[in-house]
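Novice: Residue 9 is where the sequence shown starts when you use my numbering, and the numbers rise one by one after that. The C-beta atom is built at its ideal place from N, Cα and C for all residues, glycine as well. Just so it is clear, the structure is predicted and the values come from calculations on it, not from any experiment.
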Amino acid sequence: MPMSGYKDNFRDDEFRIIGKPSVEQQLVEPSEPIEPRERRKWLPWLLATVALLVLVLLALILSRRPKEDPLDGVFEPAEVVAPPPETKVKPELKLLGHEPDSTMSFTGKVDTVINDIPLSIYIPYHATPELIVGAPDKNDESIIFSAQAADIRADNYNILGAFVLKGKPLAWGLSKKGYCAIIDGEITVGVSENSPLFEKATETEGYFFRQFGLVDNGVLVENELKNKSERRALCSRHGQIFIAFTNTPESFHDFAQALVDLGVDNAIYLVGSRFAFGSYIGPDGERVNFGEGPHKYKNENYLVWRR
């Protein structure tokens, strides 16, 4: 009786080996599909991208949570900061001394103490300022105040810094930024490397000299000199011009700070120390000399007020 199935598919002179397929057969006809190599390479990148998206999502969630304030508690509430006070306009400064009722020319004197520094303030009244070269005559009654102005060089005694005498330039140095210009009898005090008032002084028969700056628009000007000495300064305060002296040895910094606290707008240094000569005539008509001298150096110069 014939048999059905695969057993009927071979002849009596043929035989078939029953068992596992050979290696060659497995390579040609695999029993299970093999995953492509490219797909295995993408898997780490896919996992990394998913992890990154999860981290970004967590960061967004945490950022929306209110931050913890260690001072914002029930029993330790946060400090309430008061609003800043309204800026108040500084009251108008009163002039130092007093304007005399008469037209008599003299120098007023006001003594005060600023930051434990005793100061003497000299205010010329009804007089015209100018510069002179050479020591002033002690017997010249027209001069109600005099003080040394620009310094002179130690090597050749020439004037140190730019200097104009009645329209004539005598020096052109720019080593000091402070300046004083006298144009048509009016004094301007300032601090600047370049000032057009130098040229204007030469064009109008005016006066000009340079010195160390001390106060520039109400701000202290630092200087390299650190020694202490009796100091003098030409000051502008609320439109009033005066000369300030220290009665004790002071540094440039402390002197300038005292002038700032006094309310000075602009100030420049004048030749100081106890050796610097000068004089003034008070309201009683008597002349008072201060300092030693005059020394009569070449180009020794003075700021004077004449009645």
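I'd like the list of long-range same chain contacts for residue 137, defined as Cβ closer than 6 angstroms, with 5 residues on each side in sequence excluded.
Specialist: 190, 195, 313
Novice: Between residue 270 and residue 251, which are expected to be in contact by the criterion C-beta below 8 angstroms, what is the C-beta distance as a whole number of angstroms?
Specialist: In fact, because the Cβ distance is near 13 angstroms, the residues do not count as touching under 8 angstroms.
Novice: Are residue 307 and residue 166 touching if we call contact CB-CB under 7 angstroms?
Specialist: yes
Novice: Using only alpha-carbon positions, find the residue among 155, 272, 221 that is nearest to residue 323.
Specialist: Any answer about residue 323 is impossible in this case: the structure gives the chain only from 9 up to 315.
Novice: Taking residue 268 and residue 226 to be in contact with their CB atoms under 8 angstroms, please state how far apart those CB atoms are, rounded to whole angstroms.
Specialist: 7 angstroms
Novice: Would DSSP call residue 206 helix, strand or coil?
Specialist: helix
Novice: Do the CB positions of residue 160 and residue 173 come within less than 7 angstroms of each other?
Specialist: no
Novice: If you drop the 5 nearest sequence neighbours on each side, which residues of the same chain put their C-beta closer than 6 angstroms to that of residue 131?
Specialist: If you ignore the 5 residues before and after residue 131, its C-beta comes within less than 6 angstroms of the C-beta of 105, 116, 250, all in its own chain and listed in chain order.
Novice: Given a threshold of 16 other Cβ atoms within 10 Å of its Cβ, counted over all protein chains shown, does residue 140 qualify as buried or as exposed?
Specialist: buried
Novice: Just reading off the beta strand (DSSP E) that residue 168 is part of, what are its end residues?
Specialist: It is not in any beta strand (DSSP E) - residue 168 carries neither H nor E in the DSSP assignment.
Novice: Whose C-beta lies closer than 6 angstroms to the C-beta of residue 275 among residues of the same chain, with five residues either side of it excluded?
Specialist: Beyond the five residues adjoining it in sequence on each side, residue 275 comes within less than 6 angstroms, by CB distance, of 222, 223, 241, 243, 267 in the same chain, given in chain order.
Novice: List the endpoints of the continuous beta strand (DSSP E) containing residue 252.
Specialist: Looking at the DSSP string, the run of the beta strand (DSSP E) that includes residue 252 is 248-254.
Novice: What is the residue span of the beta strand (DSSP E) that residue 224 lies within?
Specialist: 221-224
Novice: Go through the segment 108-166 residue by residue and report every complete run of the beta strand (DSSP E) that reaches 3 residues or more, in order.
Specialist: 114-122, 125-133, 136-141, 151-156
Novice: Which partner residues of residue 53 appear in the DSSP bridge assignment?
Specialist: Residue 53 pairs with nothing; no bridge assigned.
Novice: Can you give me the C-alpha to C-alpha distance between residue 129 and residue 264, rounded to a whole angstrom?
Specialist: 14 angstroms
Novice: Mark residue 288 as exposed unless 16 or more other C-beta atoms lie within 10 angstroms of its C-beta, in which case mark it buried.
Specialist: Its Cβ being crowded by 16 or more others within 10 Å, residue 288 is buried.
Novice: Would you mind stating whether residue 6 and residue 233 have Cβ atoms separated by less than 7 angstroms?
Specialist: Residue 6 lies beyond the stretch modelled for the chain, which goes from 9 to 315, so this question has no answer here.
Novice: Mark residue 229 as exposed unless 16 or more other C-beta atoms lie within 10 angstroms of its C-beta, in which case mark it buried.
Specialist: buried
Novice: Consult DSSP for residue 283 and reduce its assignment to one of helix, strand or coil.
Specialist: Reduced to three states, the DSSP call for residue 283 is coil.
Novice: When we look at the beta-carbon of residue 107 and count the other beta-carbons within 10 Å, is it buried (16 or more) or exposed?
Specialist: exposed
Novice: Closest to residue 114 by CA distance: which of 302, 292, 216 is it?
Specialist: Comparing Cα positions, the closest option is 292.
Novice: Report buried or exposed for residue 171, applying the criterion of at least 16 other Cβ atoms within 10 angstroms of its Cβ.
Specialist: buried
Novice: Could you tell me which residues DSSP puts in a beta bridge with residue 176?
Specialist: Answer is 173.
Novice: Under 7 angstroms between the Cβ atoms of residue 220 and residue 184?
Specialist: yes
Novice: CB-CB under 8 angstroms to residue 146, same chain, minus the five flanking residues each way: which ones, in chain order?
Specialist: 287, 295, 297
Novice: Specify the secondary structure class of residue 194 as computed by DSSP and reduced to three states.
Specialist: Secondary structure at residue 194: strand, using DSSP grouped into helix, strand and coil.
Novice: Which word fits residue 187, buried or exposed, when buried means at least 16 other C-beta atoms lie within 10 angstroms of its C-beta?
Specialist: Its Cβ being crowded by 16 or more others within 10 Å, residue 187 is buried.
Novice: Check the C-beta distance from residue 248 over to residue 127 and give it rounded, since I have them as a contact under 8 angstroms.
Specialist: The Cβ separation is near 15 angstroms, so there is no contact.
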